[in-house]
Amino acid sequence: MAKELTSKSENYSQWYNDLVVKADLAENSAVRGCMVIKPYGYAIWEKMQAELDRMFKETGHVNAYFPLFIPKSFFSKEAAHVEGFAKECAVVTHYRLKNDPDGKGVIVDPSAKLEEELIVRPTSETIIWNTYKNWIQSWRDLPILCNQWANVVRWEMRTRLFLRTAEFLWQEGHTAHATKEEALEETFKMVNVYADFAENFMAMPVIKGHKSENERFAGALDTLTIEALMQDGKALQSGTSHFLGQNFAKAFDVQFANKEGKLEHVWATSWGVSTRLMGALVMAHSDDNGLVLPPKLAPFQVVIVPIYKNDEQLSAISAKVDEIVGKLKARGISVKYDSSDAKKPGWKFAEYELKGVPLRLAIGPRDLENGTVELARRDLLTKEVVNIEGIDEYVENLLENIQQTIYKKAFDYRTEHTSKADTWEEFKEILAAKGGFISAHWDGTSETEQKIKEETKATIRCIPLDAEEEEGKCIYSGKPSNKRVIYAIAY
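Residues in the sequence shown are numbered from 5 upward in steps of one, following my numbering.
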């Protein structure tokens, strides 16, 4: 049987860790702070990757690849950027090992010191803008709409599988434009792509908004974000899109001749999501029985388990299953038929429940006689007996219903855990009682934002894009405010 999980209500953090490991998504590696993404976890990431990649290409972007190593001097060129990442950088100083003269394995060869140290990329703005300098001369060379799928390293001291690891996988888009307006349009376009993906594929509702100055990406003039709420009432930043202005173009002297022949600096954006989305997927939907996966991202949407006593029964069942599988695959539904005799049906049921497979079909000799199958939904943990005739259409509609039901459950949770606070006392009471998103007035100063964070651990997650003008007073300072922002304690 599937191993027991710690209950969500008992210890949410342990429940998450148990689930990631026991559902075969990932495990800790021999390298401190780094993870091994296991085949089942990687299959989910590949589905995410495929959908996002399709969405990027539909909006005119192309993929490229840039070096893993960045010369240290590049980081000195944009002050805010280097300050933002300096404490997280892994640095390569030597290029060779040699045998220890004392016979104790290998040592770094002191004579093989690099003339200039190399930074293992924490993000690629600097190396990419150094490259774009060679690609851009005229307005005819713009826009450049590049994305790369890569790994990055940020030397985190406190790590959690998927949510915060020293090395992680991601995509990073880096675009170059002739005008500020084009770059801003790109910044908004990509945060909308992320929101579309989160809601329609991950079944995870998000709030789109601007980051406060304190929370912006290092070197950006504006950062847009999508913020999601997990089932413990904490927020998770799930994707960001940055308007970089001309900061990096000026730092790397990337200029172009406009239509009048005058030289101008290029306008820039960058945007990215990472394997942190895997953590979001787990925490937004799963329960004490295991993963709950939206059908659109499940490695296989349907698993079929035969119930039999002998080879003759299995042979008859398998013949019927072949028919069912053919019909389901014709509708683009991914199916696994688990006829292995290494484990009993009850064990398989528990295992696929733990792994979040959206639909489970069980079929035995009596089902063959009656022309039926037993169908179990993972999201609601319900079972029903349905006719094999027309099963393909029925399953297709049911998978769509499951996708919508999972989204609605997450949306309802967010609604129940979104509150308004008009006073400091009210704010603290809501935070202590139920957490979640709190809509409250802020005076716009970094000092107030920092004090609220120090006293409550709550941060401004975003200033919503659809926030309406509303006269009020800052919950902390009492100073005038014309807009509410979203606060939460975040991962």
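We put the beta carbon where it would ideally sit given N, CA and C, even for glycine.
Item, Value
"What are the partner residues of residue 21, as DSSP defines its beta bridges?", "Residue 21 pairs with nothing; no bridge assigned."
"What does residue 39 pair with, by DSSP beta-bridge criteria?", "32"
"When the distance is taken between beta carbons, is residue 226 closer than 9 Å to residue 212?", "no"
"Assuming residue 298 contacts residue 415 (C-beta within less than 8 Å), just tell me the rounded distance between them.", "Not really, about 13 Å apart at Cβ, beyond 8 Å."
"By the three-class DSSP mapping on this structure, what secondary structure does residue 220 have?", "coil"
"Can you tell me which of the three DSSP states residue 6 falls into?", "In this prediction, residue 6 scores a pLDDT of 48, lower than 50, which makes its location untrustworthy; the coordinate-derived value is nonetheless stated afterwards. Residue 6 falls in the coil class under three-state DSSP."
"In or out: residue 275 buried (at least 16 other Cβ within 10 Å) or exposed?", "buried"
"Is it buried or exposed for residue 427, if we count other Cβ within 10 angstroms and need 16 for buried?", "exposed"
"How is residue 387 classed by DSSP in three states: helix, strand or coil?", "strand"
"Enumerate, from N- to C-terminal direction, the unbroken alpha helix (DSSP H) stretches of 4 or more residues contained entirely within the stretch 311 to 372.", "315 to 334 and 349 to 358"
"Tell me which residue opens and which closes the beta strand (DSSP E) that residue 464 is part of.", "463 to 468"
"Can you find a heavy atom of the ligand ATP that lies under 8 Å from the Cβ of residue 218?", "This structure lacks the ligand ATP; in fact it carries no ligand of any kind."
"Cα-Cα, which of 418, 385, 251 and 179 is closest to residue 2?", "The structure shown does not extend to residue 2, since the chain spans only 5 to 495, so no value can be given for it."
"Given that a residue counts as buried once 16 or more other Cβ atoms are within 10 Å of its Cβ, and exposed if not, what is residue 385?", "exposed"
"Suppose the cutoff is 8 Å on Cβ atoms and the five residues either side in sequence are ignored; what does the same chain contact list for residue 143 look like?", "182, 260, 261, 262 and 263"
"Start and end of the alpha helix (DSSP H) containing residue 538?", "This structure gives no information on residue 538, because the portion of the chain shown stretches from 5 to 495."
"Helix, strand or coil: how does DSSP classify residue 242 here?", "strand"
"Label residue 194 either buried or exposed according to how many other C-beta atoms from any shown protein chain fall within 10 Å of its C-beta, with 16 as the threshold for buried.", "buried"
"Less than 7 Å between C-beta atoms, sequence neighbours within five positions excluded: which residues of the same chain meet that for residue 456?", "462 and 480"
"Can you list, in chain order, the residues of its chain with a C-beta nearer than 6 Å to that of residue 136? Leave out the 5 residues immediately preceding and following it.", "180 and 258"
"Work out the CA separation of residue 484 and residue 476 for me, nearest whole Å.", "6 Å"
"Since residue 122 and residue 96 should fall inside the 8 Å C-beta cutoff, what is the C-beta to C-beta distance between them, to a whole number of angstroms?", "4 Å"
"Once you ignore the five residues that flank residue 278 on each side, which residues in its own chain have a CB closer than 6 Å to its CB?", "172 and 174"
"Return the Cβ separation of residue 396 and residue 332 in integer angstroms, given the expectation that the two are a contact with Cβ distance under 8 Å.", "5 Å"
"How far does the alpha helix (DSSP H) with residue 448 in it extend, from its first residue to its last?", "From DSSP, residue 448 is part of no alpha helix (DSSP H); its letter is neither H nor E."
"From residue 177 to residue 273, what does the alpha carbon distance come to, in whole angstroms?", "8 Å"
"Can you find the residues in the same chain that come closer than 6 Å, C-beta to C-beta, to residue 224, ignoring five residues on each side of it along the sequence?", "246 and 248"
"Decide if residue 5 is buried, meaning its Cβ has at least 16 other Cβ atoms within 10 Å, or exposed.", "Unreliable positioning characterises residue 5 in this predicted model, as indicated by a pLDDT of 44, which lies under 50. The coordinate reading is nonetheless provided below. Exposed is the call here."
"Would residue 161 be called buried (16 or more neighbouring beta carbons within 10 Å of its own) or exposed?", "exposed"
"Leaving out the 5 sequence neighbours to the left and right, which residues in its chain are closer than 7 Å to residue 106 when beta-carbon positions are compared?", "none"
"Give me whichever residues DSSP pairs with residue 271 in a beta bridge.", "181"
"Once you ignore the five residues that flank residue 71 on each side, which residues in its own chain have a CB closer than 8 Å to its CB?", "125 and 131"
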